[in-house]
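Enquirer:
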Amino acid sequence: MRIFLSLLLILLASPSFAENRLAQESSPYLQQHADNPVDWYPWGPEALEKAQAEGKMIFVSVGYASCHWCHVMEAESFEDPEIAAYLNAHFVSIKIDRERRPDLDEQFMLVTSALTGSGGWPNSVFLTPDAEPFFAGTYFPPDAFLQTLETIVDVWKTDNAALRAEAFEISQNMRDYLDQTAVLGDVTDADINAAATAMLGNLDDFNGGFGTAPKFPRENLLLFLLDQADRSGDSALMQAVTLTLDGMVRGGIHDHVGGGFHRYATDPEWNIPHFEKMLYNQALIGRLLLHAYSATGTPDYARAATRTFDYVLREMRSPEGAFYAAQDAESPGPDGKLQEGAFYVWTPDQIKQALGPEAPAMNDILNITEDGNFEGASVLYTSDTPLKAIAGRDGIRDFDALLEQLRNARETRQKPLTDQKVILAWNAEMVITLAQASRVLNRPDYGQAAVQATEFMLQNMWFDDGLKRIWYQGAADTEAHLVDYAALGRALLALDDYLGGAESDWLGIADRLADDMQTLFADDRQAMRMNAQTVGLGPMRPLDDNEIASGNAQALELLAGLDRRLARTGEAAPKLAAALAVDAINGPEQRAAILTAIATERNGLTGAMRVSNGGAVRVFASLDAHGKQLLLSIEPREGWHINAHEPLEDYLIGMELAVAQTPVALSAYPKAEIKELGFSETPLSLYDTSFVMAAQIAQTGDKPVTIRLTLQACNDEVCLPPDDMLFRVWP
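The sequence shown lines up with residues -18 to -1, 1 to 713 when you count with mature numbering (1 follows the signal peptide of the UniProt record, and there is no 0).
1) Whose C-beta lies closer than 6 angstroms to the C-beta of Ser48 among residues of the same chain, with five residues either side of it excluded?
2) Under 8 angstroms Cβ to Cβ from Ala113, same chain only, skipping five residues before and after it: list those, please.
3) Quick one: what's got a C-beta closer than 8 angstroms to Ile378's C-beta in the same chain, skipping five residues either side?
4) Taking 8 angstroms as the CB-CB cut-off, is Lys259 touching chain C?
5) Roughly how far, in whole angstroms, is the beta-carbon of Lys248 from the beta-carbon of Ala195, given that I think they are within contact range, below 8 angstroms?
6) Counting C-beta neighbours from all protein chains within 10 Å, is the total for Asn409 16 or more, i.e. buried, or is it exposed?
7) The beta strand (DSSP E) that contains Thr288, what's its start and end?
8) Between the segment 211 to 231 and the segment 594 to 607, do three or more beta carbon pairs fall short of 8 angstroms?
9) Secondary structure at Glu461, three-state DSSP: helix, strand or coil?
10) Phe709 to Leu639, Cα distance in whole Å?
11) Is it the case that the Cβ atoms of Val624 and Met675 are separated by a distance below 8 angstroms?
12) Given that a residue counts as buried once 16 or more other Cβ atoms are within 10 Å of its Cβ, and exposed if not, what is Gln515?
13) Does DSSP put Met439 in a helix, in a strand, or in coil?
14) Where does Leu(-7) fall in DSSP's three states?
15) Would you list the one or two residues that DSSP bridges to Lys38?
16) DSSP on Pro10, reduced to helix/strand/coil?
17) Would you mind reading off the limits of the beta strand (DSSP E) that contains Asp706?
18) Can you name, in chain order, every residue of its own chain whose Cβ lies under 7 angstroms from the Cβ of Asn697, other than the five neighbours on each side?
19) Could you tell me which residues DSSP pairs with Ile689 in its beta bridges?
20) What does a CB cutoff of less than 6 angstroms around Val44 pick up in its chain, not counting 5 residues either side in sequence?
21) Name, in chain order, the residues that DSSP records as bridge partners for Arg232.
22) Using the rule of at least 16 other Cβ atoms within 10 Å of the residue's Cβ for burial, across every protein chain shown, is Asn155 buried or exposed?
23) Could you check how far apart the C-beta atoms of Thr436 and Leu475 are, in whole angstroms? I think they sit under 8 angstroms.
24) Out of curiosity, what's the CA-to-CA distance linking Ile530 and Ala407?
25) According to DSSP, which residues form a beta bridge with Gln321?
26) Nearest to Asp85 by alpha carbon, out of Leu464, Ala432, Glu28, Ala431?
27) Under three-state DSSP, which class holds Asn202?
28) What span of residues does the beta strand (DSSP E) with Gln611 cover, start to end?
29) State buried or exposed for Gly490, treating a residue as buried only when at least 16 other CB atoms are found within 10 Å of its CB.
30) Quick one: what's got a C-beta closer than 7 angstroms to Asp209's C-beta in the same chain, skipping five residues either side?
31) By the three-class DSSP mapping on this structure, what secondary structure does Ser594 have?
32) On a CA-only basis, which of Val700, Ser313, Arg550, Arg592 is nearest His50? Give me that one, please.
33) Could you check what DSSP says for Leu(-12) in three-state terms: helix, strand or coil?
34) Touching or not, the segment 174 to 189 and the segment 545 to 558, by the rule of three or more beta carbon pairs under 8 angstroms?
35) Please classify Ala677: does DSSP put it in a helix, a strand, or coil?
36) From the DSSP output, which residues share a beta bridge with Gly45?
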């Protein structure tokens, strides 16, 4: 049997119908296959019971609405009458939308990775009538696919017992893997930093990013490196992040005309993308740009982030204020046929028609040539980050105004389809980023959009029986998973941090969600389950980062964030951290978000916004326009105050600000108020309203300048322990 499987894998490596059941499904991806001649079923009891009753093998195809190779396999195989007839005669065929059912997607991808050593979409898995897997692959060319089907059917008929035994063994191995008890343990800060340093061994030192091609942004890994750079001051970690961001901002993975980023690049230089645009990429790349801009003041990062968020609000936002999932890679080209990237590529003649006399300069800046770099046309990219690429050029008007002219010209083309389903966790990620952007970029409209999307989720996707993962065409369905609860909770924390006022109850709602999350997903084996009810081969306990951070990483961030903001010592966060630590440090590149969450649980936040003293004080850091000062906006909550630099009582800790270990001059502190409070018999010197302090930056070499802020918060009854915060400004 193993010989059969090996031979089949080697073989694969070489070179209008009536609607089916999927027409009744609410998934846009499943609806795309509703008129295939394949007799598709959605995943569920009807299909599984039919397979058992008829003794038919099961063919499972997993994909998503904007997946290019899913579309290719549909056109080549699932719309082919001969292949469809063969599938219908010998298999029960099941279609799964991975974005709607990530629990099933992860299980079947685990099977495919175990059997083939790789994975991707479409994911094609073959099961016995008892739903036990025995063979898997991804995209199949049509001839190879039909030959695969015929070979599988022949083995099913001639060596049925051996194939069933092989499937049982594979299934049992998967169940054993999924049912492991977490190894409890701890990792030190040094262990986590060493893991970050080790990741640099896979860095593309010239183009940024990790590996060669295809090259994915790997946002959670970069966010981890950025977090560790902020904690340790390690310039190599920060340089890896900025090198990668520079490559993406410069490259064709960045939509220079319309804003936003494509899903991944097909070349090492980031120049030729795979053209679909996913909401989660906009949220996470946008967040990276915000963090890097706050730390370095690099204008290109602020510009790229702004253009990304403007694109999201313009093109990926529903009338109700929620965010759509994706835009497709394909659209009709000049010949009317669907072509990958047709909406995004340009020829010199098209640039001339749109820009007139400015066209030659723009062709030069954006690398547009007669031969092109993608099927006879050009994907736009700049040879340096955009603002550097245009610096010092004469004879060109405002660069962004010319790009807007190109965008207006591009609007006359037929757009790629937009997947208009609303995915809870992805929307929550966008809310987190927009909340941050509202402060970092001083754009209140981003904050308003974040609040509106959150209110949509709370009103339309939270019911008496829990959260729903999907909203589409006016209805919510599909039970939410761990990642949905945790991400929405984190979004509420972000709203409280960046937009919260005395009248908001974002923290209270987040606390309720966290309680529900623990009730539904907590496991006596410590790591939380992906979903409330076990399906398929066993309980999934998500550890690996996929398109967004893993459910367990986000759950730990939420639990630790609530403890810190509510000034409580909870048991759930430390317990979860101990259950995740060993697995995370043993697979750091796949589980970078868990390591970030452990560092946050232990040592608090990094980045522009800090929450101090159990939520009593928020501190927001920003560089001035010239990068010469770090401005610290210190914001006590209502009912709290901060001791002044000289608090008038020896037992109180005064505020201290130091730059590169040198305390700032007394004159740098704002004038304090003198007030009498209940716990003190004498007047006190304090600040009970928001104020700004400026730390002068003298940047030398490639090392960051470190700013330390120490403060103690008190109310009318109690003083909290003093809190130290470190901020770093990078060259």
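Even glycine gets a Cβ: it sits at the ideal position worked out from N, Cα and C.
Expert: With the structure as the only source:
1) The count along the sequence shown starts at 1 and reaches residue 48 at position 66. Same-chain partners within the cutoff: Glu258, Ala308, Asp310, Asp401.
2) As a first step, residue 113 is located in the sequence shown; it is residue number 131 there, counting from the start. Excluding residues up to 5 positions away in sequence, Leu30, Ala33, Ile40, Gly518 lie with their Cβ nearer than 8 angstroms to the Cβ of Ala113 in the same chain.
3) On the sequence shown, residue 378 is found 396 positions in, with the first residue counted as 1. When the five nearest sequence neighbours on each side are left out, the beta carbons in the same chain lying within less than 8 angstroms of the beta carbon of Ile378 are those of Glu340, Ala343, Met344, Ile347, Ile372, Leu384, in order along the chain.
4) Considering every chain present, this structure includes no chain C. It has just one protein chain.
5) Walking along the sequence shown from the start, residue 248 turns up at place 266. Walking along the sequence shown from the start, residue 195 turns up at place 213. Inspection of the sequence shows that residue 248 is occupied by Thr rather than by Lys. The pair is a contact, with the Cβ atoms about 6 angstroms apart (cut-off 8 angstroms).
6) What you label residue 409 is simply residue 427 of the sequence shown in a count that begins at 1. Its Cβ being crowded by 16 or more others within 10 Å, Asn409 is buried.
7) Within the sequence shown, numbered from 1, the residue matching residue 288 stands at position 306. No beta strand (DSSP E) contains Thr288, which is instead part of the alpha helix (DSSP H) from 281 to 297.
8) The answer is no - the segment 594 to 607 does not touch the segment 211 to 231, with fewer than three Cβ pairs under 8 angstroms.
9) On the sequence shown, position 479 is the one that residue 461 refers to. Looking at Glu461 - three-state DSSP - the assignment turns out to be strand.
10) By one-based count along the sequence shown, residue 709 stands at place 727. By one-based count along the sequence shown, residue 639 stands at place 657. Roughly 11 angstroms between the two C-alpha positions.
11) In the sequence shown, residue 624 corresponds to position 642, counting from 1. In the sequence shown, residue 675 corresponds to position 693, counting from 1. The sequence given here has Ile at residue 624, not Val. For Ile624 and Met675, no; Cβs fall outside 8 angstroms.
12) To locate residue 515, count along the sequence shown from 1; it is residue 533. Gln515 sits exposed, since fewer than 16 C-beta atoms from the chains shown fall within 10 Å of its C-beta.
13) Position 457 of the sequence shown holds residue 439. In this structure, Met439 counts as helix in the three-state DSSP scheme.
14) If you number the sequence shown from 1, residue -7 lands on position 12. Residue confidence is low: Leu(-7) scores 49 on pLDDT, short of 50, so the model does not pin down where it sits. No coordinate-derived value is stated.
15) In the sequence shown, residue 38 corresponds to position 56, counting from 1. In DSSP, Lys38 forms no bridge with anything.
16) Reading the sequence shown from its first residue, position 28 is the one you call residue 10. Helix.
17) Taking the sequence shown and counting its residues from 1, the one referred to as residue 706 is at position 724. Bounds of the beta strand (DSSP E) holding Asp706 are 705 to 711.
18) Along the sequence shown, read from residue 1 onward, the residue named residue 697 stands at position 715. Cβ within range, chain order: Gly621, Trp622.
19) As a first step, residue 689 is located in the sequence shown; it is residue number 707 there, counting from the start. Bridge pairing for Ile689: Val641, Phe709 [DSSP].
20) Residue mapping note: residue 44 aligns to position 62 of the sequence shown, counting from 1. Taken in chain order, the residues that qualify are Ile78, Arg80, Asp87, Phe90, Asn105.
21) For the purposes of this step, residue 232 is taken as the residue at position 250 of the sequence shown. For Arg232, which the question treats as bridged, DSSP gives no partner whatsoever.
22) Within the sequence shown, residue 155 is the residue found at index 173, counting from 1. When all chains shown are included, Asn155 counts as exposed.
23) Here residue 436 is taken as the residue at index 454 of the sequence shown, counted from 1. Here residue 475 is taken as the residue at index 493 of the sequence shown, counted from 1. About 11 angstroms separates the two Cβ atoms, so there is no contact after all.
24) Here residue 530 refers to the residue found at position 548 of the sequence shown. Here residue 407 refers to the residue found at position 425 of the sequence shown. Those two C-alpha atoms are separated by around 9 angstroms.
25) Indexing the sequence shown from 1 puts residue 321 at position 339. Ser313.
26) Numbered from 1 along the sequence shown, position 103 holds the residue referred to as residue 85. For the set Leu464, Ala432, Glu28, Ala431, the Cα lying nearest the Cα of Asp85 is the one of Leu464.
27) For this step, residue 202 is matched to residue 220 along the sequence shown. If DSSP states are grouped into helix, strand and coil, Asn202 belongs with the helices.
28) Here residue 611 is taken as the residue at index 629 of the sequence shown, counted from 1. Start and end: 611 to 618.
29) Taking the sequence shown and counting its residues from 1, the one referred to as residue 490 is at position 508. Residue environment: Gly490 is assigned as exposed (fewer than 16 neighbouring CB atoms within 10 Å of its CB, all protein chains considered).
30) Along the sequence shown, read from residue 1 onward, the residue named residue 209 stands at position 227. The residues are Thr578, Ala581, Thr588.
31) On the sequence shown, residue 594 is found 612 positions in, with the first residue counted as 1. The three-state reading of DSSP puts Ser594 in strand, counting E and B together.
32) Position 68 of the sequence shown, counting from 1, holds the residue named residue 50. Each of Val700, Ser313, Arg550, Arg592 was checked against the Cα of His50, and the nearest Cα belongs to Ser313.
33) Locating residue -12 in the sequence shown gives position 7, counting from the first residue. Reliability fails at Leu(-12), whose pLDDT of 46 lies under 50, so the model's placement of it is uncertain and the value that follows must be treated cautiously. Helix at Leu(-12).
34) Inter-segment contact for the segment 174 to 189 and the segment 545 to 558 is absent: fewer than three beta-carbon pairs are separated by less than 8 angstroms.
35) Taking the first residue of the sequence shown as 1, we reach residue 677 at position 695. Correct three-state label for Ala677: strand.
36) For the purposes of this step, residue 45 is identified with residue 63 of the sequence shown, where counting begins at 1. Here Gly45 is bridged, per DSSP, to Asp79.
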